[in-house]
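Structure record follows, encoded as structure tokens.
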Amino acid sequence: MSVISLITSSSINKHFEYLLKNIRIWDIIEALKWVRQNIESFGGDPNRVTLHGVSSGSFIITMLCVSPLTKGLFNQAIIESGSAIVVQNNPSGPNQKLSQDTAKAVGCATDERTIQNDSQRVVDCLRGKL
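Read in order, the letters of the sequence shown correspond to residues 4 to 133 in our numbering.
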């Protein structure tokens, strides 16, 4: 998982409507697909994949449990110290500010070029920093 998976922008969400507000979920789904395809090479059983999340990780695991996109990718989940079911509406404002601040810190955004008004260029720059 990289810093790109944490970014949020109303501009990104507008241009890529299929994305969730937090694209980290898509990274996790892709990782689960990889595990499903490769687990036997490591002595694992693709029919016995268990996810485990504690605290903020439990929120993500809860979302994965109810997502139709993860059907068949795991079989069990251990959720400790929290659940996305009890979370109130999480405003994207703080995440957008953190995304902009992160992009500025690594030289990919400025006060004029923001993740909101030039998301493609900022994201391309962040990808180049990986």
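No residue lacks a Cβ here, since even glycine has one placed at the ideal position from N, Cα and C. Quick caveat, the model's predicted, so the values are computed rather than measured.
Starting from residue i and walking both ways along the alpha helix (DSSP H), at which residues does that stretch end?
i, result
"Leu-67", "59 to 69"
"Gln-79", "First-last for Gln-79: 79 to 83, but that is the beta strand (DSSP E), not the alpha helix (DSSP H)."
"Leu-35", "27 to 41"
"Gly-131", "122 to 131"
To the nearest angstrom, report how far apart residue i and residue j are at their CA atoms.
i, j, result
"Ile-82", "Glu-115", "42 Å"
"Thr-73", "Asp-104", "32 Å"
"Asp-48", "His-55", "16 Å"
"Leu-23", "Ser-70", "Confidence is the limiting factor: at Leu-23 the pLDDT is only 47, short of 50, which leaves the residue's position unreliable, though a coordinate-based value still follows. Cα to Cα, Leu-23 sits roughly 12 Å from Ser-70."
"Asn-120", "Arg-130", "18 Å"
"Ile-42", "Gln-99", "36 Å"
"Leu-67", "Ile-28", "8 Å"
"Gly-60", "Ile-31", "11 Å"
"Ser-58", "Leu-101", "20 Å"
"Pro-97", "Thr-117", "15 Å"
"Lys-107", "Glu-33", "28 Å"
"Gln-40", "Ala-112", "37 Å"
"Ser-44", "Thr-65", "28 Å"
"Gly-46", "Cys-128", "39 Å"
Tell me which same chain residues have a C-beta within less than 6 Å of the C-beta of residue i, skipping the five on either side of it?
i, result
"Val-109", "Lys-132"
By Cβ distance, which residues of its chain are closer than 8 Å to residue i, with the 5 residues on each side in sequence left out?
i, result
"Tyr-21", "Unreliable positioning characterises Tyr-21 in this predicted model, as indicated by a pLDDT of 48, which lies under 50. The coordinate reading is nonetheless provided below. Nothing meets the Cβ criterion."
"Asn-78", "Asn-50, Arg-51, Val-52 and Thr-53"
Taking residue i as the reference, give the member of the options with the closest Cα.
i, options, result
"Arg-51", "Ala-34, Leu-76 and Ile-32", "Leu-76"
"Ser-84", "Leu-67, Arg-39, Trp-37 and Ile-63", "Ile-63"
"Leu-35", "Ser-58, Ala-80 and Val-57", "Ala-80"
Starting from the C-beta of residue i, find all residues in its chain whose C-beta is less than 7 Å away, skip the five residues before and the five after it, and write them out in chain order.
i, result
"Val-38", "Val-52"
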